[in-house]
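Position one of the sequence shown corresponds to residue 1 (full-length UniProt numbering), numbered consecutively onward. Using N, Cα and C, we set each Cβ at its ideal position, and we do this for glycine too. These numbers were taken from a predicted model, which means no experiment stands behind them.
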Amino acid sequence: MVSEDNTTPPSTSNADVDLENGRRSRPRQRSKSTSGSSSDYEEEEKDLHHDGHRPSRRELHESISRSRSTRSLARDKTVTATASGMNQPLGATISRRDTVLSRIRTRPNVAPFSHPLAHQQTTADVLVDFDGDDDPYRPMNWPTKKKVTTTLMYGFTTMSATWASSAYSAGTRQIAAEFNVGNQVAVLGTTLFLFGFGLGPLLWAPLSEVYGRRLAVLTPMLVAICFSFGSAVAKDFQTLMITRFFGAFFASAPVTNTGGVLGDLYSPAWRALAMAGYAMAVVGGPCLGPIVSAAFVANPSLGWRWTEYFTGILQAIILVIDVVFIDECYPPKLLVYKARRLRHETGNWALHTKFEEWDVSIKELSKKFLLRPIQLLMTPICFLVALYASFCYGILYMQLGGIPIIFGEMRGWPAVSATLPFLGILVGAIIGCSINAYNQILYNKVYHAAGNRAVPEARLPPMMLGSVLFSAGQFIMGWTADPQYPWIAPVIGLVLMGTGFFTIFQAALNYLVDTFTLYAASAVAANTFLRSAFAGAFPLVVTPLYHNIGVGPASSITGGFAALLIPVPFVFYIYGKRIRRSSKWSRGSVFD
């Protein structure tokens, strides 16, 4: 028997041809070992066994030697290319990488998509819409109970957001002491919150028109709750300021979108009454927040952090109720749900809504909610009305620092009692709500007489009355703040301010919506941004202003500016129609 070592090997040419064919036919994985280890032998042996030929030891040694020489040469070329800047070997390396990527990314180049019906226009018979004006699926035709419930829940959600804006103010002195900053620096927590209120609508308003009201309100509120608790556990002042700003940025969603919700649920004849409830929520939060928070701050076992804890808990409770009771009310989104259900029930996949044909683009949304509000602010109606409403809003937040000075520092009232005069503003807001409700009855007559068309100037009479009351209230409050006058005197001034603020605030919103009918969302966005800027700046000046020149002279300055703005509603009541006709933005609201 002949031993295996003495077996005559096959001809070298045949072995080499078989070996080279095997290498070319399939890629071989690179050996993990760079030295002469057993893995090299195993790998080469597998290659040679591929063709069913068992190699001799000499063939195996020759194959391994050639493989090592090839790898060494490739490494030397790559190193040389790197050191000397040669492009050819480096390009070859990149080409090999591209080849590997091309094996992994096997996506073929395809021609543009086509279909036999691709060039046919959509016909009206496949568009899904409401079944007439009386369709019960239409939000305006919902049962009264459901509409009232939806309005109340959005109102409470808005109030929890505005509550957070003022609840912080009661603990500014404790915050300043704990973080070793000045009282004026601590007030930045309120200022940054209100600035966040102004920037948030630039995002949440367009999202509500793409994804619907419910998602664009409840999701940001969930994030706002997290930031409220983040403020409560803040370990340094910077963290507190950041959480306050972003908490407001997300909490501004209900403040921004509730007006749109009311427009979805109510016709113009009843929208003002619903808007009154929304305005009460906007006023109620800043009035009630400091009172409750002062009780937490006065309790040594709680302190300022519990003002933020309570805010987060309140928002969380309301959010849970919202999830249960609030349904989507944005008509285009409801039609999308209807079309989806019809497609599954009928099997006709061509059914769709006009809203689904809208190709949402960042450019279009930016134009509507960033560029267009600025353009509208260049018009006399939007600028002056938004300026007036924003000034009143700033004066309201100015009282967060003014009322504790008048009743706490000057009259020596305890911390909690010194915040109770905020209720005077709330009482004034309730009176203003009653005035607006009465004006709504008068407005409905004008509305029906005009062929069920909006008449913007008919919204202004409450604003005309409120402008006088708002200015007078500031003079009364400022010059009766001295302890020699009874406490009820400055409170009466606060009641007049609350009445004036409410009538001006609500009338301004209604007037902007009725004037800029096609661009109402942009007009409201402009008003929201401007009023948040005023509200953020005014709390910073109230303390040095009252301490340096006195409450009376300071109130005379703000009351004087308010008096200068009194003619605004009167001018638009007389010349509003002519001014609307002269602007391309408001020309659509003019009917002869």
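Check each candidate in the options and name the one with the smallest Cα separation from residue i.
i, options, result
"Ile-566", "Gly-230, Thr-191, Leu-384", "Leu-384"
"Phe-470", "Gly-428, Phe-245, Asn-257", "Gly-428"
"Ala-281", "Tyr-511, Leu-426, Gly-347, Leu-335", "Leu-426"
"Leu-564", "Phe-391, Asn-257, Gly-424", "Phe-391"
"Ser-586", "Asp-482, Thr-499, Met-159, Leu-377", "Leu-377"
"Thr-353", "Ala-234, Ile-374, Asp-129, Trp-306", "Asp-129"
"Arg-305", "Thr-256, Pro-143, Phe-572, Ala-234", "Ala-234"
"residue 624", "Gly-552, Val-568, Pro-490, Ala-253", "Outside the displayed span of the chain (1 to 592) sits residue 624, for which this structure offers no information."
"Gly-424", "Gly-500, Val-524, Tyr-485, Tyr-575", "Gly-500"
"Ile-374", "Thr-528, Met-153, Ile-549", "Thr-528"
"Thr-558", "Gln-484, Tyr-397, Pro-414", "Tyr-397"
"Ile-381", "Gln-484, Gly-182, Ser-583", "Ser-583"
"Asp-131", "Pro-220, Ser-114, Lys-338, Leu-152", "Lys-338"
"Arg-343", "His-115, Met-410, Ser-114, Val-126", "Val-126"
"Pro-201", "Phe-250, Val-292, Phe-325, Gly-466", "Phe-250"
"Val-324", "Thr-122, Gly-171, Leu-218, Phe-561", "Leu-218"
"Tyr-211", "Phe-502, Pro-486, Cys-329, Lys-577", "Cys-329"
"Thr-157", "His-119, Ile-225, Gly-198, Leu-199", "Ile-225"
"Thr-413", "Pro-483, Gly-171, Pro-220, Met-275", "Residue identity differs from the one stated: residue 413 is Trp in this sequence, not Thr. Here the closest residue by C-alpha is Pro-483."
"Ile-318", "Ala-279, Met-159, Phe-197", "Met-159"
"Ala-481", "Gly-466, Ala-521, Ala-554", "Ala-554"
"Ala-170", "Leu-420, Phe-561, Cys-433", "Leu-420"
Using a Cβ-Cβ cutoff of less than 8 Å, which residues in the same chain neighbour residue i once the five nearest sequence positions on both sides are dropped?
i, result
"Ala-295", "Val-416"
"Tyr-447", "Pro-268, Ala-269, Arg-453, Ala-454, Val-455, Ala-458"
"Ala-537", "Thr-191, Gly-394"
"Ser-95", "Residue placement at Ser-95 cannot be trusted, given a pLDDT of 49 that sits under 50; the coordinates are not used to answer."
"Val-495", "Gly-424, Ile-425, Val-427, Gly-428, Ile-431, Gly-473"
"Phe-195", "Phe-245, Ala-248, Ser-532, Ala-533, Gly-536"
"Thr-379", "Ser-583, Trp-585, Ser-586"
"Met-591", "Residue identity differs from the one stated: residue 591 is Phe in this sequence, not Met. Excluding sequence neighbours, Phe-591 sits near Ala-450, Gly-451, Arg-453."
"Leu-442", "Ala-458, Pro-461"
For the alpha helix (DSSP H) containing residue i, list its first residue and its last residue.
i, result
"Phe-179", "172-179"
"Met-153", "144-167"
"Glu-364", "362-366"
"Leu-351", "Segment: none, Leu-351 is in no alpha helix (DSSP H) and carries neither H nor E."
"Asn-141", "Here Asn-141 belongs to no alpha helix (DSSP H), and DSSP marks it neither H nor E."
"Ser-208", "201-211"
"Ser-390", "380-403"
"Pro-414", "It is not in any alpha helix (DSSP H) - Pro-414 carries neither H nor E in the DSSP assignment."
"Arg-372", "372-377"
"Val-185", "183-186"
Enumerate in chain order the residues of its own chain whose CB-to-CB distance from residue i is below 7 Å, with the five nearest sequence positions on each side excluded.
i, result
"Phe-355", "Pro-332, Leu-335, Val-336"
"Leu-273", "Ala-437, Gln-440"
"Ser-37", "For Ser-37, the pLDDT reaches just 44, beneath the cut-off of 50, and the residue's location in the model is therefore unreliable, although a value from the coordinates is still provided. Result list for Ser-37: empty, nothing under 7 Å."
"Asn-141", "Asp-134, Asp-135"
"residue 605", "Here the chain comprises residues numbered 1 to 592, so residue 605 is not present and cannot be evaluated."
"Ser-556", "Phe-475, Gly-478"
"Met-464", "Pro-569, Phe-570, Tyr-573"
"Leu-365", "Pro-206"
"Leu-188", "Met-241"
"Ala-389", "Ile-504, Phe-505, Ala-508, Asn-527, Arg-531"
"Phe-237", "Phe-179, Val-181"
"Tyr-154", "Pro-254, Thr-258, Val-261"
"Arg-581", "Arg-587, Val-590"
"Leu-302", "Phe-296"
Once the 5 residues before and after residue i are set aside, which same chain residues still bring their CB inside 6 Å of it?
i, result
"Arg-30", "Confidence at Arg-30 is low in this model, with a pLDDT of 42, below 50, so its placement is unreliable and the value that follows should be read with caution. Here the set comprises nothing."
"Asn-444", "Ala-269"
"Ser-25", "With a pLDDT of only 44 at Ser-25, under 50, the local geometry of the prediction cannot be trusted, and no value is derived from it."
"Gly-498", "Ile-425, Gly-428, Ala-429"
"Leu-101", "Annotation note: pLDDT 49 at Leu-101 (below 50); position unreliable, coordinate value reported separately. Within the same chain, Leu-101 has no close Cβ partners at all."
"Phe-193", "Ser-165, Arg-244, Ala-248"
Using a Cβ-Cβ distance under 7 Å, would residue i count as near chain D?
i, result
"Ile-313", "The chain labelled as chain D is not found in the depicted structure, where only one protein chain is given."
Inset, instruction - Entirely within the region 226-306 and at least 4 residues each: give me those alpha helix (DSSP H) ranges in chain order. - result: 237-265, 268-298
Legend entry - Start-end ranges of the alpha helix (DSSP H) lying completely within the region 419-454, minimum 4 residues: 422-449
Legend entry - Contact the region 152-169 vs the region 277-290: 3+ CB pairs below 8 Å: yes
Inset, instruction - May I have a chain-ordered list of the alpha helix (DSSP H) segments no shorter than 4 residues that lie completely inside the region 537-570? - result: 551-564
Legend entry - Length-filtered (4 minimum) alpha helix (DSSP H) runs lying within the region 448-519: 461-479, 488-515
Inset, instruction - Count the CB pairs spanning the region 399-407 and the region 538-545 that are closer than 8 Å, and state whether there are at least three. - result: yes
Legend entry - Contained alpha helix (DSSP H) runs [length at least 4] in the region 110-138, N- to C-terminal order: none
Legend entry - Three-pair Cβ contact test at 8 Å for the region 254-265 versus the region 137-151: yes
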